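Shown next, in structure tokens, is the structure this report addresses.
Residue numbers (the working numbering): 4 to 166.
Structure follows, in structure tokens:
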């Protein structure tokens, strides 16, 4: 499945009207995803931080939100920035690309280029971030009652200077 963004005409976060009927948007709003991904707690082990969040959405929908560009742009960027849809390429298979640019409100772009190492729908995505030198594994756990725990494990995959 090749999921390259073909809706570059928006180049911005869709409005609620543009996403009516969207099952992921109905299960967990953009605000819920954004707040969930940008707030603590973090495990602070050197070189291997872990971020864990619980979503009020079924595991399959959370997984789809990470691999469908139209959903990804709605929650991935931190506050004060956005990911233009036209910058997103998601090829959700081992060896496929995950590429996007985060643009700050001041207009500064930060490109990210990753390669998927493993994809096991709807449970696991593992990718190598070529910009930061970090490997990330996202594991989705079905908690029942339509809730999903997402755990993102970060491992530094190359030598980086310690500050």
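From the three backbone atoms N, C-alpha and C, an ideal C-beta is built for every residue, glycine too.
Note that the structure is a prediction, hence the values are computed from the model and not measured.
### Delimiting residues of the alpha helix (DSSP H) encompassing residue 114
Counting along the chain, no alpha helix (DSSP H) covers residue 114; the unbroken beta strand (DSSP E) around it starts and ends at 112-123.
### Task
Give the single residue among 84, 115 and 148 whose Cα lies nearest to the Cα of residue 104.
Cα-wise, what sits closest to residue 104 is 115.
### Query
So what does DSSP say about residue 37, is it helix, strand or coil?
Model confidence at residue 37 stands at a pLDDT of 39, short of 50, so the residue's coordinates are unreliable; what they give is reported in the following sentence. Of the three classes helix, strand and coil, the one that applies to residue 37 here is helix, per DSSP.
### Message
Let's test the definition: count the other Cβ atoms within 10 Å of the Cβ of residue 148 and tell me whether it reaches 16, buried, or not, exposed.
### Response
Flag for residue 148 reads exposed.
### Task
Give the single residue among 77, 58 and 101 whose Cα lies nearest to the Cα of residue 153.
58
### Query
Who does residue 159 pair with in a DSSP beta bridge?
Bridge partners of residue 159: 137.
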